[in-house]
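Worksheet: one structure, shown below.
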Amino acid sequence: MVQHPKRRALTRRDFLQRATAAGIALPSLAAILAACGSNEPTAGGGETGATGATGLQLARPDNPVTIPVTDDNPAIADGLDPESGPLQIFGYNDYIWKKVLNQFTEQYGADIEYTVFDTPEEMVSKMQSQGSDFDIVVSVTPENVGKLAFGGLIQPLNKSYIPNFDNVWPTLQSPLYDVDSSYTVPYTVYTTGIGYRNDLVDDPSQLDNPYDIFWDKRFAGQTHLLNGARDTIAAALLRMNADVNTAESAVLDQAKQMLLEGVDSMNWKFDHVDYNELGSFEVHMTWSGQVSYYQYYLPKGQKITQYSYAWPAATHPDLQGILTNDVFAIPKGAKNPVLAHAMIDFLLEPDHAITNYSYEGFQPPIVQFDNDKAVSDGIVPKNLANTLLTEDDFNLPNAVRELELAPATNQLWQQIYQEVTGGV
Amino acid sequence: MPEVADSGPRGAWFPGWFWPSFAGPAAIWLILLFVVPFYVIVAIAFGDLDPIFLTPTPVYDPLKWDFVPFRDLVSQIFSSGSIYQNAFVHTLVFVAVASLLCLLIGYPVAYFIARYAGRYRTLFLVLFIAPFWISYMMRMLAWINLLQPSGYVNRILAAIGLIDEPIAWLSGKPLTVILGLTYGYVPYMILPLFATLDRIPASTIEAGRDLGAGAIESFRRITLPLSRQGILAGLVIVALPMFGDYFTTTLLAGTRNTAMIGNLIQTSIQSSLVQTGASLVLILLGLLIVPMLYYLRATQRAQELLGA
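Respectively, the protein sequence lines represent chains A and B. Numbered according to the working numbering, the first sequence spans residues 46 to 469. Numbered according to the working numbering, the second sequence spans residues 177 to 484.
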């Protein structure tokens, strides 16, 4: 029997009433769930030394970390022949010039397959689930080396396959996050500073605190910060001249408030593709390597001489500046470990390193790299010569690195970052 | 006596399970590609975290679920000024306005194609849904170029005297996000509307005119009520994906004051806040079930009325 049209099982009034009730009930649901929940912390640890049962050690200038080599994760034996490949590279998009990869293929006869990740968090996540599918990871940053090594995701290196390791700056041959470079080798070095249009913005180095430029309302809507929890929050910590690896909640709260005020007044955008946005910003928190290839992405009518870079640590001894290096690592269980070692050695060979740099813009930390020649050869525009680093920069007392955070602290940083950016 | 299904052509006999079994492949598809992945999301939202990597460890046994992170998130959503509350408000406002714009733009287009295009109907239909042929990402990327300070949009507006200074369309304007969503989804509105309007018999409208109704009254009292199902279908088809959209606001605005729920889900999943992302998915699903059930109910009622 068909219902009379007026005898509806659910009228519009019923529907609205029930929807309203559901909306009111949701907070009650939260209360019910609270009664069912557990209050055990899911992660935690101290800020220096071992972190509980995980054994994760946090490298600091006063606590350099030697990552142990264990029997269940040894380095490969000496004297093995390179595999036939293909070599699986895992790295940021376009972080090794295709021309250099082709040269490697020509020399070793092995094809190369390149898988891309967009963020360090994505890299760590994929390494956990499919790390052994890759042979070499490019662009691991020091703040992730510890967790990859102590988490058993990367293998120790056999330096007998990397004779060009001797080309690496001595300062970086035994870094504090991996003493003796047991698991990693440096790939590029760069600073984090201020890229700006010098025809529209006065040199921020002339300010008492150059980091104030990111909060200068004259450039509201025209200022971008780097995305990623570590770099975005570092903008505030650097302005406060606070520890960029801090775990102190009071300091982080102050940084958060500073960023929230800036987000409202400055309408920041958060990204690391400034080279693709030339013409749409006047100030950009950026890496030195990015700036050096602005010249290849200039919009019509613009010249590279309109762009400048400032690294406050170089001009203000009382202020900190971030400098760091990306590293190579070889995943545990890599199917072509000898070939992976060969790739590392290949990229540390001066000709290949400099050729790669001419495209990449991120400087290789090798002793044969001549900063002056890079400028005179036109690889680096003269007005951007200060994007180049020297080994001595790593010994500056006010040069700081972004280092590993304890898991709980890392979680806090991520939450602050999400609150500041709103998810974009 | 075994249960007998309807007899087929020429009096063939089929067992009772025969015709229902045709739903089997769809059911298997639904289970494998919706139910199972959905349960994984639930297991992540209420699961554990790796102590070093903070990556989620799904817990599939409901008796071992931890509801604390979910509870905390719900509390934050109801906290005034929290990014989660702001994102939900942005999303609701953007989706409501963009859906309405899609309807206001798409309805006349569908009406024209259904009633006046004549023998060119197919051609017009193809032309108006041609944007489907290009990926959503490419269409939004094209808009970035057009909306640059020196882009064609500002140039045209300046040329016709509407603006003196270029408008910074891409610097976090909610209007830009709404227009982007509208542009991206309006083809999805046109098709169901066209299908509904096309089915309205011309004789029904003529009968109204014969009885003295003018053009506007005919539309208001005959065409519009009969196209209600198409409007609902179109609104569901455009609004549901908009709720999860993050790409549009990331490309066309990229600022905190335009962040939508999809942005929070995306960044949560890409960071060590995957549990938060999974919880947001569950909350969003709960939010969308209500209008979805209303749509299903309305459709069922409409079918019952037609049957009666």
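Even glycine gets a Cβ: it sits at the ideal position worked out from N, Cα and C.
Check: Can you list the residues of chain A that B:Ile159 reaches, using a CB-CB cut of under 7 Å?
Finding: With chain B covering 177 to 484 only, the question about residue 159 of chain B has no answer from this structure.
Notebook entry, point to check: Residues bridged to A:His269 by DSSP?
Noted result: A:Lys314 and A:His329
Checklist line | Supposed contact pair B:Pro232 and B:Ile217 - C-beta distance, whole angstroms, cut 8 Å | finding: Wrong, their Cβ atoms sit about 10 Å apart, outside the cutoff.
Note to self: My output table needs one value for A:Tyr352: the three-state DSSP class, helix, strand or coil.
What the structure shows: Strand, per DSSP.
Note to self: Runs of 4 residues minimum, wholly inside the region 124-210 of chain A: which ones carry the alpha helix (DSSP H) assignment?
What the structure shows: 143-153, 165-175 and 187-195
Checklist line | Closer than 8 Å at the beta carbon, the chain A residues around B:Asn262 | finding: Gly467
Checklist line | Contacting residues, own chain, Cβ-Cβ under 7 Å from B:Gln252 (five flanking each side not counted) | finding: Ser258 and Tyr260
Next item on the list: Would you decide whether B:Ile207 is buried or exposed? Buried here means 16 or more other CB atoms lie within 10 Å of its CB.
Entry: exposed
Item checked: Close Cβ partners of A:Pro357 (< 6 Å) along its chain, the five nearest in sequence each way excluded -> Pro255, Leu364 and Gly366
Note to self: By DSSP's criteria, A:Ala374 is part of a beta bridge. Which residues make up the other side?
What the structure shows: A:Val182
Note to self: Please list, in chain order, the chain A residues whose beta carbon lies closer than 9 Å to that of B:Ile259.
What the structure shows: Gln463, Glu464, Val465, Thr466, Gly467 and Gly468
Note to self: Which residues in chain A have a C-beta closer than 8 Å to the C-beta of B:Leu488? List them in chain order.
What the structure shows: Any property of residue 488 of chain B remains undetermined from this structure, which presents chain B solely from 177 to 484.
Next item on the list: Take every Cβ of the region 458-465 of chain B, pair it with every Cβ of the region 414-424 of chain B, and state whether three or more of those distances are shorter than 8 Å.
Entry: A contact exists between the region 458-465 of chain B and the region 414-424 of chain B.
Next item on the list: Could you check the C-alpha separation between B:Leu481 and B:Gly406 for me, to the nearest Å?
Entry: So the alpha carbons of these two residues sit roughly 16 Å apart.
Next item on the list: Report all residues from its chain with a CB closer than 7 Å to the CB of A:Leu297; omit the five preceding and five following residues, and keep chain order.
Entry: Only Thr291, Leu457 and Ile461 meet the Cβ criterion.
Margin query: Is there a C-beta anywhere in chain B that falls below 8 Å from the one on A:Ala70?
Written below: Unreliable placement is indicated for A:Ala70, whose pLDDT of 46 sits below 50; no coordinate value is reported for it.
Notebook entry, point to check: Any contact of the region 176-183 of chain A with the region 372-383 of chain A, i.e. 3+ C-beta pairs under 8 Å?
Noted result: yes
Checklist line | Closer than 8 Å to chain B by CB, A:Ser310 | finding: Taking Cβ atoms only, chain B never reaches closer than 8 Å to A:Ser310, which makes this a no.
Check: Under a three-way DSSP split, which group does A:Pro86 fall into?
Finding: Here the model assigns A:Pro86 a pLDDT of 31, short of 50, so the residue's position is not dependable, and the following value carries that caveat. DSSP places A:Pro86 in coil when its eight states are reduced to three.
Check: Residues of chain B with CB under 8 Å from A:Asp316, in chain order?
Finding: Gly430
Margin query: Determine, for A:Leu78, whether the minimum Cβ-Cβ distance to residues of chain B falls below 8 Å.
Written below: Note that A:Leu78 has pLDDT 42, beneath the 50 cutoff, so the model's placement of it is unreliable and no number is given.
Item checked: Host beta strand (DSSP E) of B:Leu486 (start-end) -> Not covered by the structure: residue 486 of chain B. The range shown for chain B is 177 to 484.
Next item on the list: Return yes when the Cβ of A:Ser184 is within less than 8 Å of the Cβ of B:Pro325, no when it is not.
Entry: no
Check: Looking at the C-beta of A:Thr164, does it have a partner C-beta in chain B at a distance below 8 Å?
Finding: yes
Next item on the list: State the DSSP-derived secondary structure class of B:Pro467, mapped to helix, strand or coil.
Entry: helix
Notebook entry, point to check: Which residues in the same chain have their Cβ closer than 7 Å to the Cβ of B:Arg297, if we skip the five residues on either side of it in sequence?
Noted result: Ile289
Checklist line | Chain-order list of residues whose beta-carbon lies under 7 Å from that of A:Phe407 (same chain, five-residue window excluded) | finding: Thr233, Tyr235 and Gly334
Next item on the list: Entirely within the region 399-424 of chain A and at least 4 residues each: give me those alpha helix (DSSP H) ranges in chain order.
Entry: 416-421
Next item on the list: With 9 Å as the limit, tell me which residues of the region 336-365 of chain B have their beta carbon closer than that to any beta carbon of chain A; keep them in chain order.
Entry: Ala344, Leu346, Ser347 and Gly348
Note to self: Closest to B:Ile441 by C-alpha separation, out of A:Gln463, A:Trp142 and A:Val110, would be which residue?
What the structure shows: A:Gln463
Next item on the list: Let me know the secondary structure DSSP gives B:Ile220 once reduced to three states.
Entry: helix
Next item on the list: Taking all protein chains shown into account, decide if A:Thr111 is buried (16 or more other Cβ within 10 angstroms of its Cβ) or exposed.
Entry: exposed
Note to self: Which residues does DSSP list as the beta-bridge partners of B:Gln446?
What the structure shows: B:Gln446 is not bridged to any residue.
Next item on the list: For B:Pro350, collect the residues of the same chain with a Cβ closer than 6 Å to its Cβ; drop the 5 residues on either side in sequence, then sort them by chain order.
Entry: If the five residues before and after B:Pro350 are omitted, its C-beta is found closer than 6 Å to the C-beta atoms of Thr434, all from its own chain and listed in chain order.
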